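Protein chains in written order, with our numbering: chain A, 1 to 312; chain B, 313 to 623. C-beta: ideal position from N, C-alpha, C; glycine also. Bear in mind that the values here come from a model prediction, so they are computed numbers and not experimental data. Remarks on the structure that follows.
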């Protein structure tokens with residue numbers, strides 16, 4: 001009897017060797033394909049590095065790095081060509097400075113409000129709207145900065161230039177506000193409730209708890225939010241390209257117009273540049289500068305973010 | 313007998329508590345003000361576009377090619393181009409993103425290779441979009457000689473939104489309860505069958521949300537397609553993807569030059585004449601309605617379909 005069961009078992013219930021083999025092969029095959037797709041992202045990074053480095057290499061063979069970093073003029077397409085990145089960099093930093101001087105305090109207050117003060121229902125209704133603010137296309141923000149914010153500011157400050165760095169800075173500040181708010185709010189909500197309860201037990205009220213306990217405890221996460229927001233402001237292209245002006249201008253005055261690094265790249269690529277021309281190489285050198293700056297901020301931001309997760 | 317002298321008198325401490333309560337309220341008011349400022353900006357932005365753009369919006373605006381005369385210009389080639397490029401983007405980004413997320417979430421061991429890939433994806437999400445444009449220009453166009461075509465634009469936007477889709481898919485996979493996986497494995501399914509037939513279908517709503525958010529972002533992206541030479545003055549349409557005779561579909565359109573909505577809008581904004589700014593506003597209305605609609609659908613889906621296994 002048991003012999004019979006064994007026979008039936010082998011004949012019907014045991015999958016054949018071939019079946020098992022094919023199934024294992026398919027599983028391994030799928031795993032390999034999935035791994036390939038995951039490592040594609042590494043290829044993209046390598047591609048970016050390859051393109052930026054190889055084209056910049058061609059650029060730096062003709063222009064010394066020292067000149068690139070110290071010359072105060074950027075006129076690569078003129079007869080009297082100068083290749084100093086400083087004017088583009090100053091505009092980028094000015095715009096970022098304006099954006100952060102709005103987004104830093106506003107984002108921090110909003111995050112404290114949403115995480116410590118607001119009721120759940122307020123938070124749940126408000127967050128989608130903030131997400132919508134994040135979803136507006138950047139070209140529309142550029143339009144808004146040039147044709148709405150600039151005229152509005154000109155009524156307050158009559159000597160404001162038509163193209164200036166103040167309006168795009170403020171608009172970028174609004175643009176990164178939802179991001180910095182949500183990341184720093186996450187950091188604050190990750191602070192364990194015992195700390196808040198301890199503070200209340202010592203007689204702190206909400207505001208004191210928020211400012212003296214929650215914010216210091218979430219500080220690395222909040223810093224990460226602003227470092228990452230800053231990196232976004234630096235790399236933001238269309239708003240400065242539309243409303244910031246096109247002339248390289250070594251200034252830190254936000255009421256003047258000046259071309260930022262991404263704005264210069266856009267301006268040059270709108271024209272038809274022959275491959276291998278000097279103008280073509282400059283956009284890669286400018287792009288490399290932009291990439292390195294944002295990469296540094298991103299890495300710092302990611303490290304800080306990792307830290308706030310590990311503390312508790 | 314008093315051992316500890318109170319720091320504040322009774323009246324003083326009452327006043328102190330009341331003052332602090334007022335500070336709490338003031339802070340709430342400040343928070344609400346900033347919130348209102350952000351919302352007012354959104355409202356101002358949309359209403360400004362609507363006031364300027366709506367009078368210009370008519371059927372002809374949608375069915376005319378760009379023109380040197382502002383009042384005769386339309387966005388036909390722009391919206392057709394956007395539609396075709398989005399098809400390429402979705403077709404490339406969805407399978408790649410889902411596959412990468414499946415590997416990282418379901419297969420990957422915790423080792424340095426995985427960590428490296430994860431850090432890399434995080435960094436890619438932070439790379440400025442214009443850098444992707446330079447990648448496409450230097451690699452796709454000059455190294456692979458792919459031409460300034462719809463295919464290249466779709467590919468570069470797909471790479472741009474890949475991190476968005478990967479993150480959304482991973483979150484969605486994580487929310488699928490382990491019971492499902494264990495049940496499938498116990499019935500003799502192997503890991504791939506479990507993922508294919510049980511995990512992926514239950515993660516699908518979250519993946520879809522990620523795809524919609526990603527595409528909404530891709531529709532509005534301008535910078536990376538400017539560098540690869542999207543044209544603003546195209547007076548013809550790419551070859552139709554569907555035809556009446558065999559084999560009914562053709563892929564010639566992938567190689568065609570193209571224009572896109574945000575590029576068209578950017579071009580009109582950069583002109584000095586106010587008439588073109590009106591056109592830009594009208595194009596902006598369509599663009600923003602499209603992106604807000606897509607984001608709205610995504611937010612709604614995320615709320616409604618959070619997880620089929622909860623409640």
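Scanning A:294, A:214, A:307 for the CA closest to the CA of residue 440 (chain B) turns up A:294.
Closest option to residue 579 (chain B), judged by alpha-carbon separation, among A:140, A:227, A:297, A:225: A:140.
Straight-line measurement puts the Cα of residue 608 (chain B) at about 18 Å from the Cα of residue 533 (chain B).
Here the alpha carbons of residue 39 (chain A) and residue 56 (chain A) stand approximately 26 Å from one another. Closest in alpha carbon position to residue 268 (chain A), among B:420, B:324, B:567, B:535, is B:535. Inclusion of residue 343 (chain B) and residue 117 (chain A) in the CB contact set at 8 Å is warranted, their separation being smaller than that value.
Residue ranges of uninterrupted alpha helix (DSSP H) with 4 or more members, entirely inside the region 175–234 of chain A and ordered along the chain, are 193–201. Within chain A, the residues whose beta carbon sits less than 8 Å from that of residue 603 (chain B) are 135, 136, 137, listed in sequence order.
Contact between the region 454–464 of chain B and the region 491–503 of chain B is not established, with fewer than three Cβ pairs separated by less than 8 Å.
Inter-residue distance for residue 303 (chain A) and residue 213 (chain A) is about 22 Å (C-alpha atoms, whole angstroms). Membership of residue 36 (chain A) in the alpha helix (DSSP H) is indicated by the continuous run 17–62. Scanning chain A for C-beta atoms nearer than 7 Å to the C-beta of residue 574 (chain B) yields 137, 139, reported in chain order. The continuous stretches of alpha helix (DSSP H) do not include residue 82 (chain A), and DSSP gives it neither H nor E.
Restricting attention to alpha helix (DSSP H) runs no shorter than 4 residues, the region 368–455 of chain B encloses them at 371–375, 388–414, 424–438, 441–447, ordered along the chain.
Using beta-carbon distances, residue 415 (chain B) counts as an interface residue toward chain A, with a partner under 8 Å. Within the same chain, Cβ atoms closer than 6 Å to the Cβ of residue 592 (chain B) are found at 577, 580, 581, the five residues on either side in sequence being excluded. The criterion of a C-beta distance shorter than 8 Å is not satisfied by residue 97 (chain A) and residue 163 (chain A). For residue 447 (chain B), the chain A residues whose Cβ falls inside 7 Å of its Cβ are 47, 48, 51, in order along the chain. Nearest to residue 103 (chain A) by alpha-carbon distance, out of A:53, A:32, A:127, A:177, is A:177. When DSSP reads this structure, residue 504 (chain B) sits in no beta bridge, so it has no partner. Burial state of residue 230 (chain A) is buried, judged by a 10 Å Cβ sphere holding 16 or more other Cβ atoms. By the criterion of a C-beta distance shorter than 7 Å, residue 88 (chain A) is surrounded in its chain by 74, 248, 259, 260, 261, 264, 286, once the five residues flanking it on both sides are discounted. Annotation: residue 550 (chain B) to residue 416 (chain B) spans about 38 Å, alpha carbon to alpha carbon. Counting only Cβ-Cβ distances below 7 Å, residue 206 (chain A) has contacts in chain B at 336, in chain order. By the CB criterion at 8 Å, residue 474 (chain B) and residue 409 (chain B) fall inside the cutoff. Taking the C-beta atoms as reference points, residue 207 (chain A) is found nearer than 8 Å to residue 336 (chain B). The beta-carbon of residue 148 (chain A) is placed less than 8 Å from the nearest beta-carbon of chain B.
Per the coordinates, the alpha-carbon of residue 595 (chain B) lies some 7 Å from the alpha-carbon of residue 573 (chain B). Burial state of residue 414 (chain B) is buried, judged by a 10 Å Cβ sphere holding 16 or more other Cβ atoms.
In the assembly as shown, residue 166 (chain A) is a buried residue. Its beta-carbon has 16 or more other beta-carbons within 10 Å. Interface annotation, residue 82 (chain A): not in contact with chain B, CB-CB separation never under 8 Å.
The count of Cβ pairs closer than 8 Å, one atom from the region 63–81 of chain A and one from the region 145–156 of chain A, stays below three, leaving the stretches out of contact. Bridge partners of residue 74 (chain A) according to DSSP: A:83. Looking from the CA of residue 365 (chain B), the closest CA among B:616, B:588, B:564, B:614 belongs to B:588.
Contact check for residue 130 (chain A) and residue 350 (chain B): beta-carbon distance about 7 Å, within the 8 Å limit, so the pair qualifies. Residue 572 (chain B) sits in coil when the DSSP states are folded into three classes, being neither helix nor strand.
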